[in-house]
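Everything on this sheet refers to the single structure shown next.
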Amino acid sequence: MSTSSHSKNTPTAQTSDPSNKLLFNGADWDFDTLKNTYDAIEDIALNELKLDVYANQVEVITSEQMLDAYSSIGMPLMYHHWSFGKRFVRDDVMYRKGYQGLAYEIVINSNPCISYVMEENTIVMQALVMAHAAFGHNHFFKNNYLFKQWTDA
């Protein structure tokens, strides 16, 4: 195979079209990368897919905060009860020993829609989670007739 025919058929990373610019490179992320990725997903969700969503509030949380959310059934405000502490300790032990994994996200049906994402997620997983949770679940919460009838975001 000649070099010239190979270069014609191989896509290159260099392009003058800004819409073809990579959002990230590698698994690590920072908040600027996360914001740029969110903005790109939001553009697709709202302008191309025409999703009708509540405003989004994306919160990056630690594994301990995720375990805490598990114990209160994901609700940001919950009454106090001793059983929540018992569940937290049980889930924490199971997670630390490797017997239990944690969710990549938790989404709250509220306005604004709150999406908790794990700080341990790679940027690829953060992108998938934001697309799935912050826009997919959010659109469902706002537009499903049963959610409209039986819940109040």
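In the UniProt record's numbering, the protein residues as written are 1 to 153.
The C-beta atom is built at its ideal place from N, Cα and C for all residues, glycine as well.
From a predicted model like this one, the values you see are computed outputs, not experimental measurements.
{"Query": "Residue from LYS148, VAL89, ALA127, LYS142 whose Cα sits closest to the Cα of GLU64", "Result": "VAL89"}
{"Query": "For GLN100, the three-state DSSP class (helix, strand or coil)", "Result": "coil"}
{"Query": "Nearest neighbour of VAL58, chosen from LEU23, ASN138, LEU102 [CA to CA]", "Result": "ASN138"}
{"Query": "Option in LEU67, ASP43, SER71 with minimal Cα separation from PHE135", "Result": "ASP43"}
{"Query": "SER71, DSSP secondary structure in three states", "Result": "helix"}
{"Query": "Endpoints, alpha helix (DSSP H) assigned at VAL60", "Result": "No alpha helix (DSSP H) contains VAL60, which is instead part of the beta strand (DSSP E) from 56–61."}
{"Query": "Helix, strand or coil at GLU105 according to DSSP, with G and I counted as helix", "Result": "strand"}
{"Query": "Own chain partners of PHE147 with C-beta closer than 6 Å, once the 5 adjacent residues on each side are dropped", "Result": "PHE141"}
{"Query": "Contact under 9 Å by Cβ, GLU119 with THR62", "Result": "yes"}
{"Query": "Proximity below 9 Å, CB of ASN36 to CB of LEU46", "Result": "no"}
{"Query": "C-beta atoms of ILE123 and ALA27 nearer than 9 Å", "Result": "yes"}
{"Query": "When LEU67, PRO112, ILE114 are compared against ARG96, the one with the closest alpha-carbon", "Result": "LEU67"}
{"Query": "CYS113 versus ALA55, TYR38, PHE31, residue with shortest Cα-Cα distance", "Result": "ALA55"}
{"Query": "CB of TYR70 within 9 Å of CB of MET130, strictly", "Result": "no"}
{"Query": "DSSP three-state assignment for SER110, whether helix, strand or coil", "Result": "coil"}
{"Query": "C-beta contact flag for SER115 and ALA133 at 9 Å", "Result": "yes"}
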